[in-house]
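Right, one structure below, let's go through it.
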Amino acid sequence: MADDKILIVEDSPTNLRLIKDLLKTKGYKVVTAIDGEEALEKAVSEHPRLMVLDIILPKKNGFQVCRQLKTSPDTQDIKIIMLTSKTQDSDRFWGLKQGADEYMTKPFDNNELLANVAKFL
1 MADDKILIVE
11 DSPTNLRLIK
21 DLLKTKGYKV
31 VTAIDGEEAL
41 EKAVSEHPRL
51 MVLDIILPKK
61 NGFQVCRQLK
71 TSPDTQDIKI
81 IMLTSKTQDS
91 DRFWGLKQGA
101 DEYMTKPFDN
111 NELLANVAKF
121 L
């Protein structure tokens, strides 16, 4: 698991801490970003295997981040779990269409998030 680096992109300090603590207790190496531009930078510099990506973010939203990552040869292999408060079917459709590997809504179940992380790592 030491090589299973996960990038969490979340602008809410509370949610960021919850997700980070959950993943760290399971032995994952975690890096964080608080906006879409920082997410893109860290995706290139940190080479995570997986990203937990919020949609409603400053600077660039999660849809834009996902689309940009999935269309770049350097980052297209990063698995992306969108974790968002956007619960409409159209949001889920659009997230998956942008290239997300999974779409989860908040509030989230810890076990479901861990199962999805394990599925992609």
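The opening position of the sequence shown corresponds to residue 1 in the UniProt record's numbering, with each subsequent residue numbered one higher.
Here a beta-carbon is modelled for each residue, glycine too, at the ideal position from N, C-alpha and C.
The C-beta distance from D54 to T84 rounds to 6 Å, short enough to fall under 8 Å. For L16, the enclosing alpha helix (DSSP H) has its first and last residue at 13-25.
Taking the C-beta atoms as reference points, D101 is found nearer than 8 Å to I80. Minimum Cα-Cα distance from E37 among the listed residues T105, K59, V44, L22 corresponds to K59. A direct Cα-to-Cα measurement between L69 and Q76 gives close to 6 Å. Cβ atoms of P73 and L7 stay farther apart than 8 Å, at about 18 Å. With fewer than 16 other Cβ atoms inside 10 Å of its own Cβ, Q88 counts as exposed. Under the criterion of beta carbons closer than 8 Å, V30 and V65 do not qualify as touching, at roughly 18 Å. The beta carbon of L121 sits closer than 7 Å to those of D4, R49, L50, all from its chain and outside the five residues before and after it, given in chain order. If only complete runs of 3 or more residues are kept, the region 57-111 shows the beta strand (DSSP E) at 79-84, 102-105, in order along the chain. Separation of the CB atoms of M104 and L113 is rounded to 7 Å, and the pair is thereby assigned contact status at 8 Å.
Taking the CA atoms as reference points, E41 sits about 10 Å from D35.
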